[in-house]
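Q: What follows is a structure written as structure tokens; I'll ask about it next.
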Amino acid sequence: MKFSTLLLTPLFVCTSAVLADEEDHDHGEEHYDIGLYASNGVMTVGGWDHDTESMEVANLRLFEAHFGEDPAFPYSIDEPGIGGSADLLGMAPGESFSMNLIAGVQAWDGSGFSSSAESMGVSFGPASVDAALGGSIAFTATEDFDLHPEFFIDSGAATGSYLLEFTFSAAGLATSESIFIVFNNGMDDELFEETVEWAEANIVPVHGAWLLLGGLGLRRRNRRG
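Counting along the sequence shown from 1, when you hit position 37 you're at 43 in our numbering, and nothing is skipped either side.
Set out below in structure tokens:
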């Protein structure tokens, strides 16, 4: 029989994701992968560090990415990745979960994010979803997964900041709250970060406190008997 226990090592609690990442914004920014785990029967998203295989931030709802980091592929990016383990999700290896892209592209209009006709999407292997239509991509949970779907934007898209909304779901778990990824398509980095901060304050709902995890963070512990 296999038992799974989530180990939480709280460092401190703050009330906003903006405060949680304030030091990172000022000192070279640390960007996390999308981390998945089950909490009270709900698919939950946090900030996953794939180097330490730990959840550094619980209940993280906003991520960012920059098109053009690889000059050979200026209109696609495979970050943020999706990290975790079947154990953290309460699953057996080989079971699946889905990343659900909510229909609609939003672009920064100078004072907020509004609907855009620009073409964006996400793909993984043969599966692909157009952001205008929305849809789901299935992934397989393994003992340790580090998945990197490809996010893409049309080569003719205007310079700017773009936002997509996602949820995650799996059999036996309630669907996650929405998460958001803000993409920089050639925008000045400082101006782009202002759009990210606006999204943190205005798009991502703050439900209670944000728990920051230090040291080993959120890890899995297995005990077999």
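Even glycine gets a Cβ: it sits at the ideal position worked out from N, Cα and C. Since this is a predicted model, take the numbers as computed values, not measurements.
Report back the beta-carbon spacing between Ser-182 and Val-51 to the nearest angstrom; my notes put them in contact at under 8 Å.
A: Right, the Cβ-Cβ distance comes to about 5 Å (below 8 Å), so this counts as a contact.
Q: So with Cβ pairs under 8 Å, would you call Ala-207 a contact of chain B?
A: Among the chains of the structure shown, chain B does not appear; only one protein chain is present.
Q: Is Asp-27 helix, strand or coil when you go by DSSP?
A: Per-residue confidence for Asp-27 stands at a pLDDT of 43, beneath the threshold of 50, marking its modelled position as unreliable; the derived number appears in the next sentence. Asp-27: coil per DSSP, three-state reduction.
Q: Taking the alpha helix (DSSP H) that Glu-196 belongs to, which residues open and close that run?
A: Residues 195–208.
Q: Taking the CB atoms as reference points, tell me whether Ser-175 and Asn-106 lie closer together than 8 Å.
A: Yes, the pair counts as a contact, with Cβ atoms nearer than the cut-off.
Q: Beta carbon of Ile-187, beta carbon of Pro-86: below 8 Å?
A: In this structure, Pro-86 lies closer than 8 Å to Ile-187 by Cβ.
Q: Report the option in Leu-170, Ala-92, Asp-150 whose CA atom is closest to the CA atom of Ser-125.
A: It is Leu-170.
Q: By Cβ distance below 7 Å, which residues in the same chain neighbour Val-210 in space, the five residues on each side in sequence not counted?
A: If we look at Val-210 and ignore the five residues flanking it on each side, its Cβ neighbours are Ala-23, Arg-67, Leu-68, Phe-186.
Q: According to the Cβ coordinates, are Ile-83 and Phe-157 closer than 8 Å?
A: Result yes, Cβ atoms of Ile-83 and Phe-157 sit closer than 8 Å.
Q: Output needed for His-154: all residues of its chain with C-beta closer than 6 Å, excluding positions within five of it in sequence on either side, in chain order.
A: So the qualifying residues of the chain are Asp-84, Gly-87.
Q: Just to confirm, are Tyr-38 and Leu-95 a CB contact at a threshold of 8 Å?
A: Contact flag unset, no.
Q: From which residue to which residue does the beta strand (DSSP E) around Ile-88 run?
A: 88–90 is the span of the beta strand (DSSP E), which, as asked, contains Ile-88.
Q: Check this for me: beta carbons of Val-135 and Ser-122, under 8 Å apart or not?
A: Result no, Cβ atoms of Val-135 and Ser-122 do not sit closer than 8 Å.
Q: Going by Cα to Cα distance, which pick from Glu-70, Asp-57, Phe-79 is closest to Gly-90?
A: The option with the nearest alpha carbon to Gly-90 is Asp-57.
Q: Quick one: is Ser-167 buried, meaning 16 or more other Cβ sit within 10 Å of its Cβ, or exposed?
A: By the neighbour-count rule (16 or more Cβ atoms within 10 Å), Ser-167 is buried.
Q: Hey, how far is the Cα of Ala-133 from the Cα of Asp-150?
A: Computed Cα separation, rounded: 22 Å.
Q: Whose CA, out of Met-97, Ala-78, Phe-79, Asp-76, lies closest to the CA of Val-48?
A: Nearest C-alpha to Val-48: Met-97.
Q: Which of helix, strand or coil does DSSP assign to Gly-96?
A: Coil at Gly-96, not helix or strand.
Q: Please identify the residue among Thr-201, Ala-163, Asn-208, Val-202 whose C-alpha is closest to the C-alpha of Tyr-81.
A: Selected option, being the one with the closest Cα: Ala-163.
Q: What number of angstroms, rounded off, separates the C-alpha of Pro-71 from the C-alpha of Ser-129?
A: For the sequence presented, residue 71 should be read as Ala rather than Pro. C-alpha separation (whole angstroms): 15 Å.
Q: Which of the three DSSP states, helix, strand or coil, is assigned to Asp-32?
A: Bear in mind that the predicted position of Asp-32 carries a pLDDT of just 39, short of 50, making it unreliable; the figure below should be weighed with that in mind. Three-state DSSP puts Asp-32 in a helix.
Q: Provide the residue(s) that pair with Ile-159 in DSSP beta bridges, ordered along the chain.
A: Note: Ile-159 sits in a beta bridge opposite Met-126.
Q: Ordered along the chain, which non-local residues of its own chain (more than five positions away) have a Cβ less than 7 Å from that of Thr-148?
A: Only Ala-92, Pro-99 meet the Cβ criterion.
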